[in-house]
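Have a look at the structure below, then the notes.
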Amino acid sequence: DEFILVGHGGKPLKQKPINSRLNSPNTSSSLSERRKHESTPKTHTNSTIPTTPRKDLVQKLLSQKNDLLNSPFFMSIKENFSSLRESPKDIVCYGLGNFSVSFKSQYQLMLLVLLNEVFQITEHIHIYDPVFTDVERSILTNDFSCNVIPTNEIGKRRVTKQTLFYMPHCDKLLYTNLIISNWGDDLSNLIIFGNSFQGYCERSVSKKTRNEILCLFLLQPHTVELKIKNNFVRADVFNDQSFHQFSAIPQEFFVTIPNWQIR
């Protein structure tokens, strides 16, 4: 797999803590962003996750996959996907949460599996969330042909080929880490399925919040966003999601704004 974890100046860098929230004493904290209106958290600590028989969980996931396959929502997703400038050659998924207990995570996982199957993108999906249990990792590996990434990249994966980053409802820090790690020509290799970047920019009115997503503001003129029609039967599973790509960006842009200025 072609990726590099990068630091200042583009040099390989050993991972360091980004902030106290992502590196708190509770190392099982999810990469997923909890929405205020959710009645049930998307993730749980490993010690509180209810035990679900593995066979029953897999059967439930396959049933949800079939529900998605025959839905108007998936038809519209396929249209969005077919409109992408280039098709991805690889898939990376961050922040899915505990799909053994969260119906949102279950449907999000099955959409990812369907996209890979229908468009025949890659042999193995690369996936990571620090909250995954042993049973979840086993199901991902043995039932859905996923490669569970061994370490927490906190979004800092640099890619050299067209890659779909599947990141529904992730924390904005993961999106900015990913973009900054690929700052320059490699931005054209990113296809990001996740929270609407346009929505982030429209909702960020304070200087503090604007600085937190500065790279999204700077890239707005060069961002091609395909909004996902939220017509799924459960409105809170895929709300505010879009496909994002970046159009051709002049080299002068990156010379004027080197990545270290937006970290």
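Taken in order, the sequence shown gives residues 3 to 265; the numbers are from this note's numbering. In this text, a Cβ means the ideal position worked out from N, Cα and C, and glycines have one as well.
(message) Suppose contacts are defined by Cβ-Cβ distances below 9 Å. Is residue 253 in contact with residue 225 by that definition?
(response) Here the question's residue 253 lines up with position 251 in the sequence shown. Here the question's residue 225 lines up with position 223 in the sequence shown. Contact: no.
(request) In the DSSP assignment, find the alpha helix (DSSP H) that holds residue 137 and state where it starts and stops. (result) The count along the sequence shown starts at 1 and reaches residue 137 at position 135. Run containing residue 137: 136-145, per the alpha helix (DSSP H) assignment.
(message) Going by beta-carbon coordinates alone, are residue 160 and residue 187 separated by less than 9 Å?
(response) By 1-based counting over the sequence shown, the position of residue 160 is 158. By 1-based counting over the sequence shown, the position of residue 187 is 185. Taking 9 Å as the Cβ cut-off, residue 160 and residue 187 do not qualify as a contacting pair.
(request) List in chain order: all unbroken alpha helix (DSSP H) runs of 4+ residues lying wholly within the segment 194-226. (result) 199-205, 209-214 and 216-221
(message) Below 8 Å on the Cβ atoms is my contact criterion, and I expect residue 231 with residue 78 to pass it. Report the Cβ-Cβ distance as a whole number of Å.
(response) Working through the sequence shown from its first residue, we reach residue 231 at position 229. Working through the sequence shown from its first residue, we reach residue 78 at position 76. That belief holds up - the Cβ atoms of residue 231 and residue 78 are roughly 5 Å apart, short of 8 Å.
(message) Quick check on DSSP: helix, strand or coil for residue 259?
(response) Position 257 of the sequence shown, counted from the start, is the residue given in the question as residue 259. Residue 259 falls in the coil class under three-state DSSP.
(request) Evaluate residue 102 with the Cβ neighbour count: other Cβ atoms within 10 Å of its Cβ, from every protein chain shown; 16 or more gives buried, anything less gives exposed. (result) Here residue 102 refers to the residue found at position 100 when the sequence shown is read from its first residue. By the neighbour-count rule (16 or more Cβ atoms within 10 Å), residue 102 is buried.
(message) If you reduce the DSSP assignment to three classes, tell me which class residue 173 lands in.
(response) Position 171 of the sequence shown, counting from 1, holds the residue named residue 173. DSSP places residue 173 in coil when its eight states are reduced to three.
(request) Inspect the beta-carbon positions of residue 163 and residue 215 and report whether they are closer than 9 Å. (result) Within the sequence shown, residue 163 is the residue found at index 161, counting from 1. Within the sequence shown, residue 215 is the residue found at index 213, counting from 1. In this structure, residue 215 does not lie closer than 9 Å to residue 163 by Cβ.
(request) Identify whether residue 187 lies in helix, strand or coil by the three-state DSSP scheme. (result) Translated into positions along the sequence shown, residue 187 becomes position 185. Of the three classes helix, strand and coil, the one that applies to residue 187 here is helix, per DSSP.
(message) Short of 6 Å in beta carbon distance, which residues of its chain neighbour residue 2, apart from the five on each side in sequence? Order them along the chain.
(response) Here the chain comprises residues numbered 3 to 265, so residue 2 is not present and cannot be evaluated.
(request) Quick one: using the 10 Å Cβ neighbour count with 16 as the cut-off for buried, is residue 170 buried or exposed? (result) On the sequence shown, position 168 is the one that residue 170 refers to. By the neighbour-count rule (16 or more Cβ atoms within 10 Å), residue 170 is buried.
(request) Tell me residue 117's beta-bridge partners as DSSP assigns them. (result) Locating residue 117 in the sequence shown gives position 115, counting from the first residue. According to DSSP, which records beta bridges pairwise, residue 117 is partnered with nothing at all.
(message) Across the segment 85-104 and the segment 128-147, are there enough close Cβ pairs to call them in contact, namely three or more that are closer than 8 Å?
(response) yes
(request) Grab the span of the beta strand (DSSP E) containing residue 92 for me, first residue to last. (result) Sequence index remark: in the sequence shown, residue 92 carries index 90 (1-based). That run of the beta strand (DSSP E) goes 92-96.
(request) Return the first residue and the last residue of the alpha helix (DSSP H) that residue 84 is part of. (result) Indexing the sequence shown from 1 puts residue 84 at position 82. 74-84 is the span of the alpha helix (DSSP H), which, as asked, contains residue 84.
(request) Figure out for me which residue from 195, 146, 56 and 69 has the closest Cα to the Cα of residue 228. (result) Against the sequence shown, residue 228 aligns to sequence position 226. With distances taken between Cα atoms, residue 228 lies closest to 195.
(message) For residue 149, report the span of its beta strand (DSSP E) as first-last.
(response) By one-based count along the sequence shown, residue 149 stands at place 147. It spans 148-150 - the beta strand (DSSP E) in which residue 149 sits, taken as one unbroken run.
(message) Any heavy atom of the ligand ATP inside 8 Å of the beta-carbon of residue 187?
(response) Because no ligand of any kind appears in the structure shown, any question about the ligand ATP cannot be addressed here.
(message) In the DSSP assignment, the alpha helix (DSSP H) including residue 61 goes from what residue to what residue?
(response) Counting from 1 along the sequence shown, the entry for residue 61 is found at position 59. Unbroken alpha helix (DSSP H) run through residue 61: 56-71.
(message) At the level of alpha carbons, what is the spacing between residue 1 and residue 213?
(response) Here the chain covers residues 3 to 265 and nothing more, so residue 1 does not appear.
(request) Could you check if residue 47 is buried or exposed, using at least 16 other CB atoms within 10 Å of its CB as the buried criterion? (result) Translated into positions along the sequence shown, residue 47 becomes position 45. Annotation note: pLDDT 49 at residue 47 (below 50); position unreliable, coordinate value reported separately. That one is exposed.
(message) Using C-beta distances below 6 Å, list every residue in its chain close to residue 245, excluding the 5 sequence neighbours before and after it, in chain order.
(response) If you number the sequence shown from 1, residue 245 lands on position 243. Excluding positions up to five away in sequence, the list reads 82, 195 and 228.
(request) Taking 9 Å as the cut-off, decide whether the C-beta atoms of residue 172 and residue 129 are in contact. (result) As a first step, residue 172 must be located in the sequence shown, where it is residue number 170. As a first step, residue 129 must be located in the sequence shown, where it is residue number 127. Not closer than 9 Å, so no.
(request) Taking the CB atoms as reference points, tell me whether residue 123 and residue 156 lie closer together than 9 Å. (result) Mapped onto the sequence shown, residue 123 falls at position 121. Mapped onto the sequence shown, residue 156 falls at position 154. No.
(message) Once the 5 residues before and after residue 258 are set aside, which same chain residues still bring their CB inside 6 Å of it?
(response) In the sequence shown, the residue the question calls residue 258 occupies position 256. Here the set comprises nothing.
(request) Return yes when the Cβ of residue 146 is within less than 9 Å of the Cβ of residue 111, no when it is not. (result) Numbered from its first residue, the sequence shown carries residue 111 at position 109. Numbered from its first residue, the sequence shown carries residue 146 at position 144. Yes, Cβ-Cβ distance for residue 111 and residue 146 is below 9 Å.
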